[in-house]
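Q: In full-length UniProt numbering, the protein residues as written are 1 to 594. Where is the CB? At the ideal position from N, CA and C, for every residue including glycine. These figures come from a predicted structure and were not determined experimentally. Please see the structure below; I have some questions.
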Amino acid sequence: MSSATTVTTDATANPGVTPGVTPEISVIVPVHDVAPWVTDCLSSILTDQDVNHEVIVIDDASTDDTWEIVSEFARRDARVRAVRNTGKGGAQARNYGVELARGEYIAFADGDDIVPRAAYGRMLAAAREDRADMVVGGFLKFYTTRTWHPTASWGAWSRRRSGTTLAKSPSLIRNRACWNRLFRRDFWLGQQIEYPTVPRSNDVVPMTKALVGAKSITVLPDVVYLYRNRPGGTSMSSRASGLAGFESYLRQELASSELARAVGSDGLNREYDELVLLRDGWVHLRGFLENVASGGKLDDEELTAPLATLTSLIDQLLGNLTERAEKRVSSRSKWVWALARAGLWEEAMLLVTDPVAVLVTDEPLTFPALAGGTSAPVDEKDHRRALSSLLVELTEASEPPSDDTVERLVKHAELFRRLYPTTVLHWHSAAVQELVLAVQTGSADTVRRVLADKPVTITDPQLTVRDKVVTFSATVSPAGRITEATVQTAQGSSRAPFEWTGLDPHTGQVEATAEVGHLPVGRAFVRLRVRHELGMLDVVVDPTIADDDATRRVFRGETNRQVHINPGLMKRALELPRKAGRVARNTVRRLVRS
1 MSSATTVTTD ATANPGVTPG VTPEISVIVP VHDVAPWVTD CLSSILTDQD VNHEVIVIDD
61 ASTDDTWEIV SEFARRDARV RAVRNTGKGG AQARNYGVEL ARGEYIAFAD GDDIVPRAAY
121 GRMLAAARED RADMVVGGFL KFYTTRTWHP TASWGAWSRR RSGTTLAKSP SLIRNRACWN
181 RLFRRDFWLG QQIEYPTVPR SNDVVPMTKA LVGAKSITVL PDVVYLYRNR PGGTSMSSRA
241 SGLAGFESYL RQELASSELA RAVGSDGLNR EYDELVLLRD GWVHLRGFLE NVASGGKLDD
301 EELTAPLATL TSLIDQLLGN LTERAEKRVS SRSKWVWALA RAGLWEEAML LVTDPVAVLV
361 TDEPLTFPAL AGGTSAPVDE KDHRRALSSL LVELTEASEP PSDDTVERLV KHAELFRRLY
421 PTTVLHWHSA AVQELVLAVQ TGSADTVRRV LADKPVTITD PQLTVRDKVV TFSATVSPAG
481 RITEATVQTA QGSSRAPFEW TGLDPHTGQV EATAEVGHLP VGRAFVRLRV RHELGMLDVV
541 VDPTIADDDA TRRVFRGETN RQVHINPGLM KRALELPRKA GRVARNTVRR LVRS
């Protein structure tokens, strides 16, 4: 290894470091132009971590005050070792840090992030208790205006897990960042894991390789890392960097897909399908198309060969997915992937950057199939599904759409009337229904007002069963735009309204009650209908259950997740053969009503 500038101090100068003792953890921190944040980062790593650790900071050609700041840390604290990168790039800096590491375990952190107090202590204790190759913890992403907790919704992080593997906990593949985990150094070196020097996504393959190779993984739901999302920090600055970055991602993802498929786990394959088509892959594909669109069209001659390379890589990547992958992809994203795979980049770009122009059209649409085969016309059902994804984006956007988007929407009011009859509208959220009704009026001002105001939402739906009475409650907001409400169950073509429904016009609180025997036996949908100034909003809701009674009923909500009220006689009656069940159900009804 070539010589590098190093700043250290005598360990005896710092009472927190035991001279001559091998550190338990080596924390590797590559830095590049992070002067405004690196003090917070290093202070968090050095404060109250409850471990004997060293911090190896590798400066990767910073042009601001980063090197001066980390050098000062190294002079003041014997645990810090500041060195210049012997190569170029974050991947090389991390690899160099591993070479220098002396700890039994290694961890990685980025110079603009924060490590919570005692995070390394908790991970180290778990690693030793479970003899784990790797410990993975939860993390938060914090923005200038909000905080996001991704791992809170991922199954592998639902509880503490010991001795698990990627095959046993396949949702671990959703997280391939290197900074919220601890690795046994002998495991890392034995697996010959290295970060590749690539323009983008250099942790995708090494983290997949680590997950595949680990014989024992401990998962902690605790938050062990705070990731700072800096505006523009990961944005592609030019068309050239966009092409290079997206190609780099595809190559890394292709290598990662081959590692994952080799595990031979159906559950992992399903998770990986969604990771590519709906999550990481979709974010990169959409970001690339948006980036290129900002620079003009894709018909420049110098882009012909690079785009052909991207098409080939996408074809190989999608070829590694399972045969059922297409069924789990929304129509809009499915079409974009299919267009990119077919080399129809202009059409893919339009579908991402200007979906109103593509989807809201009276012209017949034809798109290639994602899994191969011949092209087929887009039927009305798929057209509606793809358009619905756009409507969700519009209702959830932080800023109202452009006037041009609004004008194109209202221009096709008749198409909205055809695609969204009342028979299908209830499957959508209240906000989307409100926007559809606004578009159907053909008034641009009405659409702008709906999108500018807070959309109608239904929150906290709940069913309570007590003393043979079912009570439904929910809150509709903003309350001022709702004038009446009714609650009913739907089973096939039959409807059973609750016997009483009340609406508080000031708070938007809805409450409805019915005797148990008044409602249908078996599976049913719960629907909340509210009168809006634009018309009726009829929403299928998914209530939580407060189970205080011995009556069993099953309701199914918008997510198609079955929700069970307390165990009782009815389910046993439903599980009997048809003839015997008919007699049993009649008997149960009489018992319940008595």
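Can you tell me which of T197, D40 and S169 puts its alpha carbon nearest to the alpha carbon of P116?
A: Comparing Cα-Cα distances from P116 to each of T197, D40 and S169, the minimum goes to D40.
Q: Any idea what DSSP makes of A168, helix, strand or coil?
A: A small fix is needed here, since residue 168 is Lys in this sequence, not Ala. Of the three classes helix, strand and coil, the one that applies to K168 here is coil, per DSSP.
Q: Can you tell me whether DSSP reads E380 as helix, strand or coil?
A: In the structure shown, E380 sits in a helix (DSSP, three-state: H, G or I).
Q: At the level of alpha carbons, what is the spacing between P461 and G190?
A: Approximately 52 Å, taken between the alpha carbons.
Q: Taking its Cβ as the centre, do 16 or more other Cβ atoms sit within 10 Å of Y143, making it buried, or is it exposed?
A: Result: exposed.
Q: Taking the runs of the beta strand (DSSP E) that are 3 residues or longer, which of them lie wholly in the region 413-496?
A: Entirely contained in the region 413-496, the beta strand (DSSP E) runs reaching 3 residues are, in chain order, 457-466, 469-477 and 482-491.
Q: Can you give the beta carbon distance from V223 to G138, rounded, assuming they're within the 8 Å contact cut?
A: 5 Å between Cβ atoms; contact.
Q: I need the straight-line Cα distance from L259 to T208, nearest angstrom please.
A: Spanning the two alpha carbons is a distance of roughly 7 Å.
Q: My parser needs the beta strand (DSSP E) runs of 3 or more residues fully inside the region 7-81; what are they?
A: Segments of the beta strand (DSSP E) lying fully in the region 7-81: 25-31 and 53-59.
Q: Tell me whether P221 sits in a helix, a strand or coil according to DSSP, three-state version.
A: Here P221 sits in strand by DSSP.
Q: Need the endpoints of the alpha helix (DSSP H) that R270 sits in, please.
A: Residues D266 to L277.
Q: Report the rounded CA-to-CA distance for Q316 versus S257, giving the unit in angstroms.
A: Cα-Cα distance, rounded: 10 Å.
Q: Who pairs with W500 in a beta bridge, going by DSSP?
A: Partner(s): T513.
Q: Going by C-alpha to C-alpha distance, which of A78, E68, A107 and P520 sits closest to P29?
A: Residue identity check: residue 29 is Val in the sequence provided, not Pro. Answer by Cα proximity: A107.
Q: Since V516 and R527 are thought to touch, with beta carbons under 8 Å apart, how far apart are those beta carbons, to the nearest angstrom?
A: Not confirmed; about 18 Å, so no contact.
Q: Spatial neighbours of R279 within its chain, please: C-beta separation below 8 Å, excluding the five flanking residues on both sides.
A: Once the five neighbours on either side are set aside, the close Cβ partners of R279 are R174.
Q: Using the rule of at least 16 other Cβ atoms within 10 Å of the residue's Cβ for burial, across every protein chain shown, is G97 buried or exposed?
A: By the neighbour-count rule (16 or more Cβ atoms within 10 Å), G97 is buried.
Q: Leaving out five residues before and five after D273 in sequence, what residues of the same chain have Cβ atoms less than 7 Å from its Cβ?
A: L321, T322, A325 and R328.
Q: Does DSSP put K141 in a helix, in a strand, or in coil?
A: In this structure, K141 counts as strand in the three-state DSSP scheme.
Q: Give the straight-line distance between the Cα atoms of G492 and E511, rounded to the nearest whole angstrom.
A: Cα to Cα, the separation comes out at about 24 Å.
Q: Does the contact criterion of 3 or more C-beta pairs under 8 Å hold for the region 490-509 versus the region 384-400?
A: These segments do not touch.
Q: Using 10 angstroms around the beta-carbon of T197, count the other beta-carbons present and answer buried if the total reaches 16, otherwise exposed.
A: T197 is exposed by the Cβ-count criterion.
Q: For the alpha helix (DSSP H) containing D403, list its first residue and its last residue.
A: Counting along the chain, the alpha helix (DSSP H) containing D403 begins and ends at D403 to K411.
Q: Is the beta carbon of V456 closer than 8 Å to that of A430?
A: In this structure, V456 lies closer than 8 Å to A430 by Cβ.
Q: Using a 10 Å radius around the Cβ and a threshold of 16 neighbouring Cβ atoms, would you call P36 buried or exposed?
A: Classification for P36: exposed.
Q: Which residue comes first and which comes last in the alpha helix (DSSP H) that contains D315?
A: First-last of the alpha helix (DSSP H) with D315: T304 to G319.
Q: When you compare each of S216, A119 and R94 to S44 by their alpha carbons, which one comes out closest?
A: Minimum Cα distance to S44 is reached at A119.
Q: With 16 as the cutoff for other CB atoms within 10 Å, does H412 come out buried or exposed?
A: It counts as buried.
Q: Looking at the unbroken beta strand (DSSP E) that takes in D538, where does it start and where does it end?
A: G535 to V541 is the span of the beta strand (DSSP E), which, as asked, contains D538.
Q: Run the CB neighbour count on R181, radius 10 Å, all protein chains shown included, and call it buried at 16 or more, exposed below.
A: Buried is the call here.
Q: Measuring CA to CA, which of T471, F472, T165 and V27 is closest to A109?
A: Closest by alpha carbon: V27.
Q: Look at the Cβ atom of E166, then the Cβ atom of L211, and state whether they are nearer than 8 Å.
A: Note that residue 166 corresponds to Leu in the displayed sequence, not to Glu. Going by C-beta atoms, L166 is nearer than 8 Å to L211.
Q: Rounded to whole angstroms, what's the CA-CA distance from A496 to L387? Just pull it up for me.
A: Each residue's Cα considered, the two are about 32 Å apart.
Q: Can you list, in chain order, the residues of its chain with a C-beta nearer than 7 Å to that of L289? Leave out the 5 residues immediately preceding and following it.
A: So the list reads A348, M349, V352 and T353, once near-sequence residues are dropped.
Q: For my contact list, D133 and S216 are in at a C-beta cut-off of 8 Å; report their separation, rounded to the angstrom.
A: Contact holds; Cβ gap of about 5 Å.
Q: Within a Cβ cutoff of 8 Å, which residues of the same chain sit near P306, ignoring the five residues on either side of it in sequence?
A: The residues are L243 and E247.
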